[in-house]
Amino acid sequence: MNHDDNAPVVALTRAARHFGPVKALDGVSLSVAPGDCLGLVGHNGAGKSTLVNLINGTFGPSAGEVTFPGGAEGVRSVFQELSLCPNLTVAENLRIAHPNLKGFGWRRAARAEIRESLDRVFPGHGIDPDAEVDSLSIAQRQMVEIAIGFAPRGGRARLVILDEPTSSLDAGIAEQLLSHVTGFCAAGGAVIFISHMLGEVFAVASRIVVLKDGRVVADRPADDFTRSGLVDAMGHVATEAVAQQAARSEPGAVVIHTPNGLEARQGEVVGLSGLAGHGQAAELARLYFSQTSDWRAGRAAQAVFVAGDRPRDGVLPLWSILRNISISVLPRDAKRGLVDRAAESRLAQEWKARIGIRTDDLDNPILSLSGGNQQKVLFARALASDAAVVVMDDPMRGVDVGTKQDVYAMIRAEAAKGRTFLWYSTETEEVCQCDRVFVFRNGAISAELTGAEITEERILEASFEMQEAS
């Protein structure tokens, strides 16, 4: 189809989407033109996912309209919750998104196209197009999904919607993506970039739109915002110091010591860092299972787990929000072996208020929540338990900046009571919240940092070059 290259790729005019009495989107007007990189920000539940679903056609508007002046071809979405088929190969997943790729030799063409797209976006990626997706790390799966979004697929990508695209990527790989986004938009492509990592939004966005309670509350060139001004516009003034407000207590006795050299004391927040895929997740898994292998009835769990990969390791998708929170404490609060429904409800309501889960009814399905609110449920499940050790595998994926600060303070308060936290994160800013950091490289600990040593420079240095033991 011929179209005007200067026409907006998509235009929303007073677009609304209602789910019963809930106004998920309430009269939004905006357009995205070729060359735009629109940063879309707002707290969890602000309406970002609903807006994306209107643009990609998942559902239509309840009011207003969504138009594509140049045609809807080339509009792509890369979702925060990865949508690849795990039992198919990387190339076969491209084929699903490219139905015109058929006939004799389609596999060869699919391999070549996905390899070329991966090479273009993530040079040196090391991903085999014939690898089954289930065998890939979460970072590699996210890279594949992004590469499929930018692949030609019989035409060309005109608008790519990236929803929390770097949430599982380490800093080096994220930088490759941001560089590609900048080049893609400079060449006339358009991107809607959704992220709670405000530094990345400022790095790539030409324009920033702020959503709050389903409405646009700010729409200006990125240069017109400051970081604090952007947080203010979102409606939550979060200070950098809030995580330090809970008093830090002196760490107690050693509660974890591994053959790899990782050590954690009572009341300590211990970070695991380094480039993704260098053994941090495997070490966390070993630690967690070593603390939870006693299945005898009546024994309280010694450790709880907060997953970053929600669909695989976190949410119980057929259960309600309430049941997803209370599952960790049912034996503790039971009466004569039966669930105490009143105690269960009180617990869920308490954590809904404490951690700010956005829902009108805790009996709603867990999947009715946004990704960030699902993550809050996983935190509530863990912190509501009596476990002495909390194991966290990149737990802030898709969580907004205000909630992050609240969770940091909550972690500090729980550590002050004697709880031990083991925290793997791909975000250096989060790792720097810890009392002690172990940096991993090639499956081994390359550095142990404490106090003032915990800086981005030292972490990056240890990530790329093994340090001499001192």
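Per UniProt numbering: the sequence shown = residues 1 to 470. We treat Cβ as the ideally placed atom computed from N, Cα and C, and that holds for glycine. Source: prediction; values computed, not measured.
Where residue i and residue j are concerned, what is the direct C-alpha to C-alpha distance, given to the nearest angstrom?
| i | j | result |
| --- | --- | --- |
| Val133 | Pro311 | 15 Å |
| Gly103 | Glu92 | 14 Å |
| Val407 | Arg397 | 13 Å |
| Ala247 | Val22 | With a pLDDT of 46 at Ala247, under the threshold of 50, the modelled position of this residue cannot be trusted; read the value that follows with caution. Roughly 40 Å separates the two Cα atoms. |
| Glu240 | Ile459 | Only weak support exists for where Glu240 lies, its pLDDT of 39 falling under 50; the coordinates are left without a value. |
| Glu453 | Leu287 | 25 Å |
| Arg76 | Val254 | 50 Å |
| Cys434 | Ala409 | 12 Å |
| residue 485 | Ser29 | No answer is possible for residue 485: the residues shown for the chain start at 1 and end at 470. |
| Glu164 | Leu25 | 19 Å |
| Phe68 | Ala11 | 6 Å |
| Val269 | Cys432 | 10 Å |
| Trp319 | Ala186 | 45 Å |
| Arg265 | Thr420 | 7 Å |
| Arg108 | Ile96 | 15 Å |
| Ile411 | Ser83 | 31 Å |
| Gln127 | Gln176 | Note that residue 127 is Ile in the sequence shown, not Gln. In a straight line, the C-alpha of Ile127 is about 15 Å away from that of Gln176. |
| Leu178 | Val204 | 6 Å |
| Gly189 | Gly183 | 9 Å |
| Phe438 | Glu350 | 34 Å |
| Pro99 | Thr13 | 31 Å |
| Phe19 | Ala46 | 14 Å |
| Arg436 | Ala462 | 14 Å |
| Val137 | Val401 | Note that residue 137 is Ser in the sequence shown, not Val. Distance between the alpha carbons of Ser137 and Val401: 26 Å. |
| Gly105 | Pro34 | 34 Å |
| Ala72 | Val191 | 14 Å |
| Gly27 | Glu414 | 41 Å |
| Asn373 | Ala447 | 34 Å |
| Gly154 | Ile256 | 54 Å |
| Gln245 | Thr403 | Low per-residue confidence applies at Gln245: pLDDT is 41, beneath 50, and the placement is therefore not dependable enough to give any value. |
| Ser117 | Gly337 | 56 Å |
| Ser49 | Asn442 | 37 Å |
| Gly308 | Arg141 | 14 Å |
| Ala16 | Ile146 | 28 Å |
| Phe289 | Met143 | 29 Å |
Determine the burial state of residue i: buried for a count of at least 16 other Cβ atoms within 10 Å of its Cβ, exposed for fewer.
| i | result |
| --- | --- |
| Cys37 | buried |
| Gly274 | buried |
| Leu316 | exposed |
| Glu65 | exposed |
| Gly371 | buried |
| Cys85 | exposed |
| Phe440 | buried |
| Lys417 | exposed |
| His278 | buried |
| Asp224 | exposed |
| Asn6 | exposed |
| Asp363 | exposed |
| Glu457 | exposed |
| Gly451 | exposed |
| Thr166 | buried |
| Gly214 | buried |
| Gly124 | exposed |
Does the Cβ-Cβ distance between residue i and residue j come in under 8 Å?
| i | j | result |
| --- | --- | --- |
| Leu284 | Asp393 | yes |
| Val389 | Leu422 | yes |
| Thr428 | Ala233 | no |
| Leu262 | Ile445 | yes |
| Ala382 | Ser328 | yes |
| Tyr424 | Ala301 | no |
| Phe150 | Val121 | yes |
| Ala342 | Ile357 | no |
| Val306 | Pro365 | no |
| Val32 | Val52 | no |
| Ala384 | Ile325 | yes |
| Gly267 | Gly252 | yes |
Under the assumption that residue i contacts residue j (Cβ atoms under 8 Å), give the Cβ distance between them as a whole number of angstroms.
| i | j | result |
| --- | --- | --- |
| Val391 | Ala303 | 6 Å |
| Asp386 | Arg323 | That belief does not hold up - the Cβ atoms of Asp386 and Arg323 are roughly 19 Å apart, past 8 Å. |
| Lys376 | Ile355 | 5 Å |
| Arg156 | Gly70 | With a Cβ gap of about 12 Å, Arg156 and Gly70 do not count as contacting. |
| Ser206 | Thr426 | Wrong, their Cβ atoms sit about 26 Å apart, outside the cutoff. |
| Leu162 | Phe202 | Going by Cβ atoms, the distance from Leu162 to Phe202 rounds to 15 Å, so no, they are not a contact pair. |
| Leu369 | Thr359 | 6 Å |
| Leu94 | Ile148 | 5 Å |
| Ile173 | Ala222 | Actually they are not in contact, since the Cβ atoms of Ile173 and Ala222 sit about 23 Å apart, beyond 8 Å. |
Consider the C-beta atom of residue i and the heavy atoms of the ligand HEM; say whether any pair is separated by less than 7 Å.
| i | result |
| --- | --- |
| Asp386 | By its list of ligands, the structure shown contains no ligand whatsoever, and the ligand HEM lies outside what it can speak to. |
**Q.** Segment contact, 8 Å Cβ cut-off, at least three pairs: the stretch 83–90 with the stretch 121–133
**A.** Enough Cβ pairs lie closer than 8 Å, so yes.
Q. Within the chosen definition, does the stretch 187–202 reach the stretch 113–126 through at least 3 CB pairs nearer than 8 Å?
A. Counting C-beta pairs closer than 8 Å gives fewer than three between the stretch 187–202 and the stretch 113–126, which falls short of the contact rule.
**Q.** Cβ contact (3+ pairs, closer than 8 Å) linking the stretch 206–222 and the stretch 34–51
**A.** yes
Q. With a cut-off of 8 Å, do at least 3 Cβ pairs link the stretch 213–222 to the stretch 54–64?
A. With the cut-off at 8 Å, the stretch 213–222 and the stretch 54–64 do not touch.
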